[in-house]
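Just so we're aligned, residue 1 is where the sequence shown starts under the UniProt record's numbering, counting upward by one. Just so you know, even glycine gets a beta-carbon here, dropped at the ideal spot from N, CA and C.
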Amino acid sequence: MRIFDPHIHMTSRTTDDYRRMHAAGVRAVVEPSFWLGQPRTSVGSFCDYFDALLGWEPFRASQYGIAHHATIGLNPKEANDARCREVLEVLPRYLAKDRVVAVGELGYDSMTPEEDDVFAAQLALAAEHELPALVHTPHRDKLAGTRRTLDVVRESALEPGAVLVDHLNEMTVGVVAESGCWMGFSVYPDTKMDEHRMVEILRRHGLDRMIVNSAADWGNSDPLKTRRVAETMLAAGYTADDVDRVLWRNPVEFYGQSGRLELPETEQPAEAPEGELVGAGATFMGNSVLRGARE
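Written out as structure tokens, the structure reads:
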């Protein structure tokens with residue numbers, strides 16, 4: 001079983017998570033830029049963060065046999081902070097980078113006028129850079145926020161098929177399905193969505209344009225939830241090909257629109273024993289993170 005987790009915040013996770021993810025079949029991830037839990041107060045702090053997403057984190061993932069990609073954007077929560085608006089001016093530099101496969105996370109948090117402006121501006125950047133967009137739907141007033149999101153997408157230059165609307169649930173999946181956008185679901189231990197509800201949504205709405213992620217971050221989350229969904233699909237009577245479609249081919253199709261995916265060569269990578277360090281040359285003087293130069 002091969003798994004592509006299309007929304008996971010590995011900066012918030014440990015190397016033990018990478019090890020467990022590889023053992024579970026995860027071979028590729030997309031890490032969206034997001035809020036860090038407290039306000040950032042300068043554009044420089046964003047730049048340092050973006051640089052880490054495009055430099056350090058792909059290297060860390062590679063030690064465990066996982067291909068790491070990122071989406072870059074000003075998240076909706078920080079779009080309300082005037083100190084952060086200058087980030088929009090530096091985004092084009094990052095949107096031209098390898099492994100940046102979409103603009104995001106963008107969208108709504110509190111549905112303020114400031115969020116309206118920043119959302120529309122970043123959709124325009126996505127169109128300009130010929131990248132898809134990853135859109136965050138608000139935690140509050142989710143149905144109203146999702147409808148407002150789709151209105152803004154319709155007013156943009158992006159085609160619906162270039163937009164992934166994430167954090168959906170039973171109330172919001174229908175309107176997004178009708179819009180032609182891709183549908184994203186974050187499977188959590190106790191909020192958002194669980195694996196059994198996810199399989200029921202797949203049963204009702206089919207497998208087309210369906211994206212399943214763990215959205216694991218610094219909160220109560222689980223980077224193996226994609227694997228749990230795969231197992232629950234199989235238990236419910238779905239085939240291994242159905243699982244591969246939802247957990248691998250669908251995210252590859254969506255993010256492949258960027259032309260920047262760098263995926264493992266093997267079609268169906270074999271399972272690795274848990275605890276095995278899988279990256280080529282992954283240690284240096286006994287350390288699992290390289291320190292200093294190599295000869």
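Three-pair Cβ contact test at 8 Å for the stretch 122 to 129 versus the stretch 173 to 186: As far as the Cβ criterion goes, the stretch 122 to 129 does not touch the stretch 173 to 186, which means the pair count is below three.
Status (buried if at least 16 other CB within 10 Å, exposed otherwise) for H167: By the 10 Å Cβ count, H167 comes out buried.
Coil, strand or helix - I66 by DSSP: Residue state, collapsed to three classes: coil.
For M233, the three-state DSSP class (helix, strand or coil): Helix.
Uninterrupted alpha helix (DSSP H) stretches inside the stretch 88 to 161 (no shorter than 4 residues): Whole alpha helix (DSSP H) segments, 4+ residues: 113 to 128, 142 to 155.
Given 8 Å, three or more beta-carbon pairs between the stretch 8 to 23 and the stretch 220 to 228: Using a C-beta cut-off of 8 Å, the stretch 8 to 23 makes contact with the stretch 220 to 228, since at least three inter-stretch Cβ pairs fall below that distance.
Contact set for G180: own chain, Cβ-Cβ below 7 Å, skip 5 residues either direction: Answer for G180: P160, G161, listed in chain order.
Segment contact, 8 Å Cβ cut-off, at least three pairs: the stretch 253 to 264 with the stretch 43 to 54: The stretch 253 to 264, when compared against the stretch 43 to 54, does not touch it at the 8 Å Cβ threshold.
Status (buried if at least 16 other CB within 10 Å, exposed otherwise) for H139: An exposed status is given to H139, since fewer than 16 other beta-carbon atoms sit within 10 Å of its beta-carbon.
Inter-residue Cα distance where the pair is G292 and A240: The predicted model places G292 with a pLDDT of 44, which falls under 50 and marks its position as unreliable, so this point remains unresolved.
K77 to L143 span [Cα, whole Å]: Here the alpha carbon of K77 sits roughly 18 Å from the alpha carbon of L143.
Beta-carbon contacts of M193 that lie in its chain and below 7 Å, excluding the five residues immediately before and after: Excluding five sequence positions before and after M193, the CB atoms of its chain that fall closer than 7 Å to its own CB belong to N169, F185, S186, V187, given in chain order.
CB of P92 within 9 Å of CB of H69, strictly: No, Cβ-Cβ distance for P92 and H69 is not below 9 Å.
Length-filtered (3 minimum) beta strand (DSSP E) runs lying within the stretch 192 to 257: You should have 210 to 213.
Three-state class that DSSP yields for A24 in the structure shown: Note: A24 maps to coil in three-state DSSP.
Whether R2 touches R27 by CB criterion (9 Å): Yes, these two residues count as a Cβ contact at 9 Å.
Identity of the residues DSSP links to D166 by a beta bridge: Note: D166 sits in a beta bridge opposite H136.
Proximity winner among E86, H22, G104, I66, relative to W35 (alpha-carbon distances): For the set E86, H22, G104, I66, the Cα lying nearest the Cα of W35 is the one of G104.
Residues of its chain near V175, where Cβ-Cβ distance is below 7 Å and the 5 sequence neighbours each way are ignored: So the qualifying residues of the chain are T146, R147, L150.
Option in M111, N250, I201 with minimal Cα separation from M233: The shortest C-alpha separation from M233 is found at I201.
CB of P132 within 9 Å of CB of L95, strictly: Result no, Cβ atoms of P132 and L95 do not sit closer than 9 Å.
Through-space distance from P32 to D117, alpha-carbon basis: It is roughly 20 Å from the alpha-carbon of D117 to the alpha-carbon of P32.
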